[in-house]
Amino acid sequence: MLCSRQSHCIYKILTCKTAHIFISVRVCVFILSAAPAVFYPFGLAAGDTEHVETGGESYYSVGLSTPFKFFGRTYNQIYVNYNGLLTFNVPSTSGPYSPTRGAEDFIAALWNDFDDYYNGVFSYQQYTNGSVLTRATQDINQYFSQVNINAAWVFVVTWRYALQPDPAILFQVVLISGSGQSYFLMNYGDCAVLYGQLEAGYDTINSTSYFVIPDSTNGNYQNLKNTSNVNVPGRWAFNAWAAPAIFYLFGSAAGDTEYSLTSDEGYVPVSFSIPYTFFGNTYNSLYVHFNGLLTFNQPQPASGPNYNPTRGAEDFIAALWSDLDDYYSCFFSYQQYTNGSVLTRATHDINQYFPQMNFTASWVFVVTWKYGPQQNPAILLQVVLISGGDLSFFLMNYGDCATISEQMEAGYDTINSIYHFVIPDSTNGNYQNLKNTTNVNVPGRWAFIAGNESVTTTPTTTFPSVDTTTAQPWTAPAVFYPFGLAAGDTEHVETGGESYYSVGLSTPFKFFGRTYNQIYVRIQFHYQLKYE
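Shown next, in the form of structure tokens:
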């Protein structure tokens, strides 16, 4: 019988002198090939937990010693599937490749129905110290030069199929986290003939982030060990960062216009394709500032609010107004929409938060600020202006927020401060918790009507179970007619005197049989009529 594995064969002639018998014996010395250098240590010798597969569609749930953030969602467990798949929400119960795009967060190391024709082993191990973390730190800093990570946790899972211990098919996934960042590597060795469809890559819920390695689906899968996106044959490396799901799409991938900070206290004027009404004033443009501020009338030269902005001097939205550019590299991007899925999303959001409006969005403006490394921003915030018909709204979305050494403010103000609001956690030192605060029961999101229907006040309610602070927006009861400066009223402020104002009536008013041409409005909140 011929050897089916790589070997050196030595032939010896054995003789028996008395019987004159000659026996030819072939001794095969097997050469066990080592895994390619791109592979992290694996197997029993490395201390892995191993599972042998002999034909079933098995999987194993693994509790993670350190939570792993995968494109905006944080997981405490993972399912290792025999079919070459890692899933985060539910196991893959069927072997064949059958993706439903956007239904699941998964990493497909090499997704195929292997058990129909190969026995195999998969093994895994978690690391929180030692040389594996040192290696992971070096690898990520090499492939993503703009970041600076110190790996604190590594999870290695390896699949081997056929002819142990010299597998005909070998591949591996390495999850890496540390310094608030998450990455994963996919390593490939030899790959024997496979049957049926297959895929290597990853996907996320709603497919907001996904990728398929080309050679895994074009019939050239046996060449995976020679492919790479980091110039290391057999290795693919990916950043698992994504903005929180509340964020509207942004950046170059969304088609945004992007700017990086080129001068201190910089800003960019942006013209609107459709006018936007902000608390009674209609604007055709605004100024996007690197310091996290949007202004409508003129740019704001001050770097930050210093806790004492000039109240009432300007219509503005402070996404997070601070002298951020002194400490972090800054990028912001923006885009206007007049059709498509973004308007559909905006319509849905506004009707969810303000169900009495029956609103349809016709224009959306999205502006996003990123501070720190582009690939893993230390500070992430976004404002979304939305209008349709005679109504205007705006959303403020918050992600992570690193340490800020200057005073800051998030909220909005208007000319004469008729309408203004400050998000409490932006000024009380708890700004890093903004991603957990809300006024619409969606952590990280604040929603406002840009008109006199939404005069928001500061009373707050805290929900400890989800660490969420909710500010209750105040609106006048529906029985009230429009009032205030936005309605064109004449206003008088009372500061303690017993004042009153005489108002001539443009049309006489009959009050229980008597006709009056003027009225006295008093601060004591009752009316006195003068009979003439």
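First residue of the sequence shown: 18, per this note's numbering; consecutive thereafter. Glycine included, each C-beta is placed from N, C-alpha and C at the ideal position.
When the Cα atoms are used, what is the spatial distance from Val-107 to Tyr-498?
-> 54 Å
State yes or no: is the C-beta of Phe-376 within less than 8 Å of the C-beta of Phe-465?
no
Query raised in the report: Going straight from the alpha carbon of Arg-539 to that of Gly-297, what length do you get?
Result: 27 Å
query: Is it true that the region 383 to 402 meets the region 347 to 364, where meeting means three or more beta-carbon pairs spaced less than 8 Å apart?
result: yes
Worksheet entry | Val-171 and Leu-192 closer than 8 Å at C-beta | yes
- Task: Could you tell me which of Pro-84, Ile-124 and Asn-237 sits nearest to Ser-196, measuring between CA atoms?
- Result: Pro-84
Apart from the five residues just before and just after Tyr-300, which ones in its own chain have a Cβ nearer than 6 Å to its Cβ? Tyr-293 and Phe-313
Please work out which residues of its chain come closer than 7 Å, Cβ to Cβ, to Asp-506, disregarding the five sequence neighbours upstream and downstream, and give them in chain order.
Phe-500
| Does the beta carbon of Thr-91 sit closer than 8 Å to a beta carbon anywhere in chain D? | This model lacks chain D altogether; it includes just one protein chain.
For the pair the region 456 to 464 and the region 255 to 273, tell me if three or more CB-CB distances fall below 8 Å. yes
### Message
Just verifying my parser: in three-state terms, what is the DSSP assignment at Pro-58?
### Response
coil
Margin query: So, with DSSP's three-state summary, where would you put Ile-403?
Written below: strand
### Message
Using the Cβ count rule (16 or more neighbours within 10 Å means buried), how would you classify Glu-508?
### Response
exposed
Handout entry: Cβ contact (3+ pairs, closer than 8 Å) linking the region 416 to 427 and the region 435 to 454
Key = yes
Check: Can you give the Cα-Cα distance for Thr-361 and Thr-355, rounded to whole angstroms?
Finding: 10 Å
Taking one C-beta from the region 63 to 71 and one from the region 205 to 224 each time, how about it: are there three or more such pairs within less than 8 Å?
no
Backbone secondary structure at Ala-36 - three-state DSSP:
Its pLDDT being 48, under 50, Ala-36 is placed unreliably by the model, and nothing is read from it.
* To do: Flag this pair as yes or no: are the beta carbons of Ala-257 and Lys-452 separated by less than 8 Å?
  => no
Reduced DSSP secondary structure (H/G/I, E/B, other) of Ser-434
helix
Check your understanding: Which same chain residues, not among the five before or five after Ala-209, have their C-beta less than 6 Å away from its C-beta?
Key -> Ala-185 and Ile-186
- Task: For Pro-441, name the three-state secondary structure that DSSP assigns.
- Result: helix
Do Gly-213 and Arg-177 have their C-beta atoms closer together than 8 Å?
-> no
* Where does Leu-61 land, buried or exposed, given buried means 16+ other C-beta within 10 angstroms? -> exposed
State the beta-bridge partners of Phe-266 as determined by DSSP.
Phe is not the amino acid found at residue 266; the sequence shown has Leu there. According to DSSP, Leu-266 bridges with nothing at all.
- prompt: Does the distance from the C-beta atom of Val-229 to that of Leu-103 stay below 8 Å?
  reply: no
Starting from Asn-534 and walking both ways along the beta strand (DSSP E), at which residues does that stretch end?
-> 531 to 539
- Taking the DSSP output, what are the residues bridged to Tyr-354? Val-381
Host alpha helix (DSSP H) of Gln-159 (start-end):
148 to 160
Quick one: is Arg-43 buried, meaning 16 or more other Cβ sit within 10 Å of its Cβ, or exposed?
Its pLDDT being 45, under 50, Arg-43 is placed unreliably by the model, and nothing is read from it.
Just verifying my parser: in three-state terms, what is the DSSP assignment at Pro-286?
strand
**Prompt:** DSSP puts Met-413 in a beta bridge; with which residues?
**Reply:** Val-400 and Trp-463
If we call anything under 8 Å between Cβ atoms a contact, is Phe-88 one with Ala-259? yes
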